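Student: Numbering (the numbering used here), first residue to last: 177 to 459.
Below you'll find the structure I mean.
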Amino acid sequence: MYPLPHHLHQSDEKAAEVGKLGKPEAYYYPPQYNFALDTFPYTFFGLEPGTTKDQVIDCLKRWHEGDNRILSLSKAYRLTPGTGWDVPPGILHAPGTLCTYEPQRASDVFSMWQSLIADYQLVDWAMVVKDVPPDKHQDFDYLLSLLDWEANVDPFFVKHHFTEPRMATDPAATTDQGFMEKWIVYGSAFYSAKELTVLPGRTVTVRDAAAYGAITMQGYGRFGAHPISAPSMIRFGEMTEDEFFVTHDAARNGVQITNLSSSEPLVILKHFNPGNPEMPQRS
177 MYPLPHHLHQ SDEKAAEVGK LGKPEAYYYP PQYNFALDTF PYTFFGLEPG
227 TTKDQVIDCL KRWHEGDNRI LSLSKAYRLT PGTGWDVPPG ILHAPGTLCT
277 YEPQRASDVF SMWQSLIADY QLVDWAMVVK DVPPDKHQDF DYLLSLLDWE
327 ANVDPFFVKH HFTEPRMATD PAATTDQGFM EKWIVYGSAF YSAKELTVLP
377 GRTVTVRDAA AYGAITMQGY GRFGAHPISA PSMIRFGEMT EDEFFVTHDA
427 ARNGVQITNL SSSEPLVILK HFNPGNPEMP QRS
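Put into C-alpha coordinates, the structure is as follows:
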(Lines of atoms letter the chains of each structure in order from A; the text may use other names.)
(Lines give C-alpha, C1' and ligand atoms only; values in the text may rest on other atoms or scores of the structure.)
Protein backbone atom coordinates (compact mmCIF):
# COMPACT_ATOMS: atom_id res chain seq x y z
CA MET A 177 0.00 0.00 0.00
CA TYR A 178 1.24 3.47 -0.88
CA PRO A 179 0.16 6.99 0.12
CA LEU A 180 -2.08 9.05 -2.14
CA PRO A 181 -0.67 11.96 -4.15
CA HIS A 182 -0.71 15.53 -2.84
CA HIS A 183 -4.06 16.89 -3.98
CA LEU A 184 -6.90 19.23 -3.12
CA HIS A 185 -10.67 19.30 -3.34
CA GLN A 186 -12.32 22.37 -4.80
CA SER A 187 -14.49 24.82 -2.88
CA ASP A 188 -18.16 25.26 -3.73
CA GLU A 189 -17.25 28.37 -5.72
CA LYS A 190 -14.64 26.62 -7.87
CA ALA A 191 -16.58 23.37 -8.20
CA ALA A 192 -19.63 25.30 -9.42
CA GLU A 193 -17.62 26.31 -12.49
CA VAL A 194 -17.82 22.67 -13.63
CA GLY A 195 -21.35 22.08 -12.32
CA LYS A 196 -20.38 20.27 -9.12
CA LEU A 197 -20.25 20.73 -5.34
CA GLY A 198 -17.13 21.39 -3.31
CA LYS A 199 -15.72 18.68 -1.09
CA PRO A 200 -14.76 19.15 2.56
CA GLU A 201 -13.70 15.99 4.38
CA ALA A 202 -12.57 14.78 7.79
CA TYR A 203 -10.40 11.86 8.88
CA TYR A 204 -10.49 9.53 11.86
CA TYR A 205 -8.19 6.51 12.24
CA PRO A 206 -10.06 3.71 14.08
CA PRO A 207 -7.66 1.75 16.32
CA GLN A 208 -9.50 -1.48 15.44
CA TYR A 209 -8.39 -1.23 11.80
CA ASN A 210 -4.93 0.21 12.37
CA PHE A 211 -3.01 -2.31 14.46
CA ALA A 212 -0.52 -2.25 11.54
CA LEU A 213 0.33 1.16 10.10
CA ASP A 214 1.57 -0.12 6.72
CA THR A 215 4.32 1.46 4.64
CA PHE A 216 3.86 5.20 5.26
CA PRO A 217 1.86 6.29 8.32
CA TYR A 218 2.34 9.98 7.57
CA THR A 219 0.19 12.53 5.76
CA PHE A 220 1.53 15.63 4.08
CA PHE A 221 -0.69 18.66 4.70
CA GLY A 222 -0.53 22.10 3.15
CA LEU A 223 2.67 24.00 2.41
CA GLU A 224 5.55 25.10 4.61
CA PRO A 225 5.05 28.65 5.90
CA GLY A 226 7.12 30.94 3.71
CA THR A 227 6.46 28.97 0.53
CA THR A 228 5.84 31.29 -2.42
CA LYS A 229 3.22 30.96 -5.11
CA ASP A 230 5.96 30.96 -7.76
CA GLN A 231 7.51 27.88 -6.13
CA VAL A 232 4.21 26.03 -6.38
CA ILE A 233 3.68 27.06 -9.99
CA ASP A 234 7.20 25.85 -10.80
CA CYS A 235 6.24 22.41 -9.45
CA LEU A 236 3.20 22.29 -11.73
CA LYS A 237 5.30 23.35 -14.71
CA ARG A 238 7.70 20.44 -14.02
CA TRP A 239 4.87 17.90 -14.28
CA HIS A 240 6.34 16.00 -17.23
CA GLU A 241 9.89 15.87 -15.82
CA GLY A 242 9.36 12.98 -13.41
CA ASP A 243 9.01 13.98 -9.75
CA ASN A 244 7.75 17.57 -9.64
CA ARG A 245 8.92 17.74 -5.98
CA ILE A 246 5.74 19.32 -4.63
CA LEU A 247 6.26 17.39 -1.37
CA SER A 248 9.48 19.34 -0.82
CA LEU A 249 7.28 22.35 -0.15
CA SER A 250 5.03 20.51 2.31
CA LYS A 251 5.27 18.91 5.76
CA ALA A 252 4.44 15.34 6.81
CA TYR A 253 2.68 14.57 10.10
CA ARG A 254 2.77 11.15 11.73
CA LEU A 255 -0.69 9.63 11.96
CA THR A 256 -1.97 8.33 15.29
CA PRO A 257 -4.82 5.81 15.60
CA GLY A 258 -7.67 7.23 17.65
CA THR A 259 -7.19 10.78 16.33
CA GLY A 260 -7.99 12.59 13.09
CA TRP A 261 -7.84 15.74 10.96
CA ASP A 262 -10.23 18.28 9.48
CA VAL A 263 -9.55 19.03 5.80
CA PRO A 264 -11.63 21.87 4.31
CA PRO A 265 -11.63 22.49 0.54
CA GLY A 266 -8.54 24.02 -1.00
CA ILE A 267 -5.98 22.40 1.32
CA LEU A 268 -3.32 20.18 -0.22
CA HIS A 269 -3.02 16.77 1.41
CA ALA A 270 -1.30 13.47 0.60
CA PRO A 271 -2.98 10.87 2.85
CA GLY A 272 -0.80 8.18 4.40
CA THR A 273 -1.42 4.46 4.72
CA LEU A 274 -3.77 4.19 7.69
CA CYS A 275 -7.29 2.83 7.26
CA THR A 276 -9.46 5.93 7.50
CA TYR A 277 -13.04 6.66 8.50
CA GLU A 278 -13.82 9.67 6.34
CA PRO A 279 -17.02 11.73 6.70
CA GLN A 280 -17.21 14.01 3.66
CA ARG A 281 -19.45 15.90 1.26
CA ALA A 282 -20.98 13.64 -1.40
CA SER A 283 -18.78 15.02 -4.17
CA ASP A 284 -15.80 13.65 -6.08
CA VAL A 285 -14.10 16.85 -7.24
CA PHE A 286 -10.32 16.90 -6.95
CA SER A 287 -7.10 18.15 -8.46
CA MET A 288 -3.91 16.07 -8.11
CA TRP A 289 -0.73 18.13 -7.68
CA GLN A 290 1.95 15.44 -7.28
CA SER A 291 3.32 13.89 -10.46
CA LEU A 292 5.08 10.84 -8.99
CA ILE A 293 3.91 8.65 -6.09
CA ALA A 294 6.34 6.56 -4.02
CA ASP A 295 9.00 6.80 -6.76
CA TYR A 296 7.11 4.46 -9.08
CA GLN A 297 3.63 5.62 -10.11
CA LEU A 298 3.23 8.51 -12.55
CA VAL A 299 0.11 10.66 -12.33
CA ASP A 300 -1.37 11.90 -15.60
CA TRP A 301 -1.90 15.66 -16.06
CA ALA A 302 -5.58 14.83 -16.67
CA MET A 303 -5.84 14.23 -12.90
CA VAL A 304 -4.80 17.84 -12.27
CA VAL A 305 -7.53 19.28 -14.48
CA LYS A 306 -10.32 16.70 -14.11
CA ASP A 307 -12.60 19.29 -12.48
CA VAL A 308 -11.21 22.43 -14.11
CA PRO A 309 -12.92 24.37 -16.95
CA PRO A 310 -11.39 23.29 -20.29
CA ASP A 311 -10.07 26.77 -21.09
CA LYS A 312 -8.12 26.79 -17.80
CA HIS A 313 -6.20 23.51 -18.22
CA GLN A 314 -2.88 25.30 -18.78
CA ASP A 315 -3.66 28.43 -16.77
CA PHE A 316 -1.32 28.13 -13.79
CA ASP A 317 -2.64 31.24 -12.08
CA TYR A 318 -6.13 29.74 -12.23
CA LEU A 319 -4.89 26.43 -10.84
CA LEU A 320 -3.22 28.29 -7.99
CA SER A 321 -6.55 29.97 -7.24
CA LEU A 322 -7.96 26.54 -6.33
CA LEU A 323 -5.85 26.69 -3.16
CA ASP A 324 -6.97 28.29 0.07
CA TRP A 325 -3.55 29.90 0.25
CA GLU A 326 -3.65 31.18 3.83
CA ALA A 327 -4.87 27.83 5.15
CA ASN A 328 -2.09 25.98 3.32
CA VAL A 329 0.73 28.13 4.74
CA ASP A 330 -0.84 28.50 8.21
CA PRO A 331 1.97 28.25 10.81
CA PHE A 332 -0.63 26.94 13.29
CA PHE A 333 -1.96 24.23 10.96
CA VAL A 334 -1.99 21.55 13.66
CA LYS A 335 -3.92 23.74 16.08
CA HIS A 336 -6.55 24.51 13.47
CA HIS A 337 -6.93 21.08 11.85
CA PHE A 338 -5.70 18.23 14.10
CA THR A 339 -8.64 16.53 15.83
CA GLU A 340 -8.34 14.83 19.20
CA PRO A 341 -11.43 13.08 20.57
CA ARG A 342 -13.59 14.97 23.06
CA MET A 343 -15.85 13.27 25.54
CA ALA A 344 -19.49 13.67 24.48
CA THR A 345 -20.83 12.75 27.91
CA ASP A 346 -19.61 12.67 31.50
CA PRO A 347 -17.46 9.52 31.40
CA ALA A 348 -18.00 8.68 35.06
CA ALA A 349 -21.78 8.85 34.75
CA THR A 350 -22.11 7.00 31.45
CA THR A 351 -19.56 4.33 32.33
CA ASP A 352 -21.78 3.46 35.28
CA GLN A 353 -24.64 3.17 32.77
CA GLY A 354 -22.54 0.90 30.53
CA PHE A 355 -21.22 3.09 27.72
CA MET A 356 -18.85 5.89 26.71
CA GLU A 357 -19.13 8.40 23.84
CA LYS A 358 -16.56 10.66 22.22
CA TRP A 359 -16.78 13.28 19.51
CA ILE A 360 -14.28 12.28 16.84
CA VAL A 361 -15.31 14.77 14.11
CA TYR A 362 -16.55 18.21 15.13
CA GLY A 363 -16.38 21.92 14.38
CA SER A 364 -17.49 21.52 10.75
CA ALA A 365 -20.49 23.08 9.04
CA PHE A 366 -20.86 19.92 6.95
CA TYR A 367 -20.81 16.87 9.26
CA SER A 368 -19.86 15.51 12.66
CA ALA A 369 -19.21 12.07 14.13
CA LYS A 370 -19.06 10.20 17.43
CA GLU A 371 -17.49 6.98 18.67
CA LEU A 372 -19.81 4.96 20.91
CA THR A 373 -18.42 2.17 23.10
CA VAL A 374 -20.86 -0.18 24.85
CA LEU A 375 -19.19 -2.14 27.63
CA PRO A 376 -19.23 -5.96 27.66
CA GLY A 377 -22.50 -7.53 28.75
CA ARG A 378 -24.37 -4.25 29.06
CA THR A 379 -27.65 -3.00 27.58
CA VAL A 380 -27.95 0.77 27.19
CA THR A 381 -30.30 3.31 25.63
CA VAL A 382 -28.44 6.01 23.73
CA ARG A 383 -30.11 9.24 22.58
CA ASP A 384 -28.94 11.73 19.97
CA ALA A 385 -30.24 15.09 18.77
CA ALA A 386 -30.15 14.21 15.06
CA ALA A 387 -30.44 11.36 12.58
CA TYR A 388 -27.24 9.44 11.87
CA GLY A 389 -25.61 6.63 9.98
CA ALA A 390 -23.72 4.01 11.99
CA ILE A 391 -20.92 1.61 11.18
CA THR A 392 -19.57 -1.04 13.55
CA MET A 393 -15.85 -1.26 14.28
CA GLN A 394 -15.71 -3.98 16.93
CA GLY A 395 -17.90 -6.49 18.72
CA TYR A 396 -21.43 -7.85 18.31
CA GLY A 397 -24.85 -7.63 19.91
CA ARG A 398 -28.25 -6.07 19.23
CA PHE A 399 -29.03 -2.63 17.77
CA GLY A 400 -32.67 -2.00 18.49
CA ALA A 401 -34.44 -5.05 17.04
CA HIS A 402 -31.52 -5.96 14.77
CA PRO A 403 -28.38 -8.06 15.16
CA ILE A 404 -25.19 -6.02 14.90
CA SER A 405 -21.63 -7.24 14.36
CA ALA A 406 -18.30 -6.09 12.98
CA PRO A 407 -17.42 -8.50 10.15
CA SER A 408 -14.02 -10.19 10.16
CA MET A 409 -14.31 -11.04 6.45
CA ILE A 410 -16.74 -9.91 3.75
CA ARG A 411 -17.15 -12.01 0.62
CA PHE A 412 -18.47 -10.59 -2.62
CA GLY A 413 -22.27 -10.38 -2.63
CA GLU A 414 -22.70 -11.13 1.08
CA MET A 415 -24.73 -8.92 3.39
CA THR A 416 -23.27 -7.72 6.67
CA GLU A 417 -24.70 -6.59 10.02
CA ASP A 418 -22.44 -3.60 10.58
CA GLU A 419 -24.26 -0.59 9.04
CA PHE A 420 -27.46 1.17 10.11
CA PHE A 421 -29.37 4.41 9.63
CA VAL A 422 -31.26 5.93 12.56
CA THR A 423 -34.02 8.45 11.83
CA HIS A 424 -34.34 11.76 13.67
CA ASP A 425 -37.26 10.62 15.83
CA ALA A 426 -35.65 7.28 16.66
CA ALA A 427 -32.40 9.01 17.60
CA ARG A 428 -34.17 11.45 19.92
CA ASN A 429 -36.28 8.72 21.53
CA GLY A 430 -33.20 6.55 22.03
CA VAL A 431 -31.87 3.32 20.58
CA GLN A 432 -31.47 0.30 22.85
CA ILE A 433 -28.12 -1.37 22.23
CA THR A 434 -26.94 -4.63 23.79
CA ASN A 435 -23.37 -5.88 23.82
CA LEU A 436 -23.68 -9.67 23.87
CA SER A 437 -19.98 -10.27 24.48
CA SER A 438 -18.79 -10.91 28.03
CA SER A 439 -15.29 -9.64 27.27
CA GLU A 440 -15.17 -7.37 24.21
CA PRO A 441 -16.51 -3.83 23.77
CA LEU A 442 -19.04 -3.04 21.07
CA VAL A 443 -17.70 0.01 19.19
CA ILE A 444 -19.87 1.97 16.75
CA LEU A 445 -19.04 5.12 14.77
CA LYS A 446 -21.97 7.50 14.15
CA HIS A 447 -21.92 10.20 11.45
CA PHE A 448 -24.32 13.15 11.35
CA ASN A 449 -25.49 15.61 8.71
CA PRO A 450 -24.96 19.37 9.20
CA GLY A 451 -26.75 21.03 12.07
CA ASN A 452 -26.35 18.63 14.99
CA PRO A 453 -26.98 21.06 17.89
CA GLU A 454 -24.84 19.00 20.28
CA MET A 455 -21.67 19.19 18.16
CA PRO A 456 -18.83 21.08 19.86
CA GLN A 457 -16.85 23.75 18.03
CA ARG A 458 -13.10 23.71 17.63
CA SER A 459 -11.33 25.80 20.27
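We put the CB at the ideal spot given by N, CA and C, even for glycine.
Fair warning: this is a prediction, and the values are worked out from it, not measured in the lab.
Which residues bound the alpha helix (DSSP H) around LYS229?
Tutor: Counted from its first residue, the sequence shown places residue 229 at position 53. Where LYS229 is concerned, the enclosing alpha helix (DSSP H) stretches over 229-237.
Student: With a cut-off of 8 Å on the beta carbons, I'd call LEU322 and LEU184 a contact; round off their distance for me.
Tutor: One-based indexing of the sequence shown puts residue 322 at position 146. One-based indexing of the sequence shown puts residue 184 at position 8. Indeed they touch by this definition, with Cβ atoms about 6 Å apart.
Student: Just to confirm my understanding: we take GLU419, look at its own chain, exclude 5 residues before and 5 after, and list those with CB closer than 8 Å. What are they?
Tutor: Numbered from its first residue, the sequence shown carries residue 419 at position 243. So the qualifying residues of the chain are GLY389, ALA390, ILE391 and THR392.
Student: Short of 6 Å in beta carbon distance, which residues of its chain neighbour ALA294, apart from the five on each side in sequence? Order them along the chain.
Tutor: Here residue 294 is taken as the residue at index 118 of the sequence shown, counted from 1. So the qualifying residues of the chain are TYR178.
Student: Check ILE267 in the structure and name its three-state DSSP category.
Tutor: One-based indexing of the sequence shown puts residue 267 at position 91. ILE267 falls in the coil class under three-state DSSP.
Student: Considering only residues of the same chain and omitting the five flanking positions on each side of TYR218, which have a CB-CB separation below 7 Å?
Tutor: Looking up residue 218 in the sequence shown gives position 42. If we look at TYR218 and ignore the five residues flanking it on each side, its Cβ neighbours are ALA252, TYR253, ARG254, LEU255 and GLY272.
Student: Taking just the CA atoms, how far does GLY395 sit from ASP300?
Tutor: Start at 1 with the first residue of the sequence shown, and residue 300 comes out as number 124. Start at 1 with the first residue of the sequence shown, and residue 395 comes out as number 219. Going by the C-alpha atoms only, they are around 42 Å apart.
Student: Kindly list the residues whose CB is nearer than 7 Å to the CB of PRO450, restricted to its own chain and excluding five residues on each side of it in sequence; keep chain order.
Tutor: For the purposes of this step, residue 450 is taken as residue 274 along the sequence shown, with counting starting at 1. Excluding residues within five positions, the ones whose Cβ falls inside 7 Å are ALA365, PHE366 and TYR367.
Student: Quickly, what does DSSP pair TYR218 with across the bridge? List them, please.
Tutor: For the purposes of this step, residue 218 is taken as residue 42 along the sequence shown, with counting starting at 1. In the DSSP output, where bridge partners are listed per residue, TYR218 has ARG254.
Student: Once you ignore the five residues that flank GLY354 on each side, which residues in its own chain have a CB closer than 6 Å to its CB?
Tutor: By 1-based counting over the sequence shown, the position of residue 354 is 178. So the qualifying residues of the chain are LEU375, ARG378 and VAL380.
Student: Do you know whose CA, among VAL329, THR434 and PHE412, lies nearest ALA401's CA?
Tutor: Counted from its first residue, the sequence shown places residue 401 at position 225. For the residues VAL329, THR434 and PHE412, the minimum Cα distance to ALA401 belongs to THR434.
Student: Apart from the five residues on each side of it in sequence, which residues of its chain come closer than 7 Å, Cβ to Cβ, to ILE410?
Tutor: Counted from its first residue, the sequence shown places residue 410 at position 234. Excluding positions up to five away in sequence, the list reads THR416.
Student: Does the distance from the CB of ILE360 to the CB of PRO331 come in under 7 Å?
Tutor: Taking the first residue of the sequence shown as 1, we reach residue 360 at position 184. Taking the first residue of the sequence shown as 1, we reach residue 331 at position 155. Cβ atoms of ILE360 and PRO331: not closer than 7 Å.
Student: If we count the other Cβ atoms within 10 Å of its Cβ and call it buried at 16 or more, is LYS237 buried or exposed?
Tutor: In the sequence shown, residue 237 corresponds to position 61, counting from 1. The residue is exposed, with fewer than 16 neighbouring Cβ atoms inside 10 Å.
Student: Mind reading off the beta-carbon distance from GLU278 to ALA385? Whole number of angstroms is fine, and I expect it under 8 Å.
Tutor: In the sequence shown, residue 278 corresponds to position 102, counting from 1. In the sequence shown, residue 385 corresponds to position 209, counting from 1. Not really, about 23 Å apart at Cβ, beyond 8 Å.
Student: Report the rounded CA-to-CA distance for ALA406 versus HIS269, giving the unit in angstroms.
Tutor: Reading the sequence shown from its first residue, position 230 is the one you call residue 406. Reading the sequence shown from its first residue, position 93 is the one you call residue 269. Between ALA406 and HIS269, the C-alpha separation is close to 30 Å.
Student: Could you tell me whether the Cβ atoms of ASN328 and ILE267 are closer together than 7 Å?
Tutor: Counting from one through the sequence shown, the residue named residue 328 turns up at place 152. Counting from one through the sequence shown, the residue named residue 267 turns up at place 91. Cβ atoms of ASN328 and ILE267: closer than 7 Å.
Student: On the DSSP bridge list, what partners appear for ILE433?
Tutor: Residue numbering aside, residue 433 sits at position 257 when the sequence shown is read from its first letter. In DSSP, ILE433 forms a bridge with VAL380 and PHE399.
Student: Can you tell me where the alpha helix (DSSP H) holding GLU326 begins and where it ends?
Tutor: Within the sequence shown, residue 326 is the residue found at index 150, counting from 1. Element bounds for GLU326: 325-328.
Student: Would you give the residue range spanned by the beta strand (DSSP E) that ARG420 belongs to?
Tutor: Within the sequence shown, residue 420 is the residue found at index 244, counting from 1. As written in the sequence, residue 420 is Phe, which differs from the Arg given in the question. Unbroken beta strand (DSSP E) run through PHE420: 419-422.
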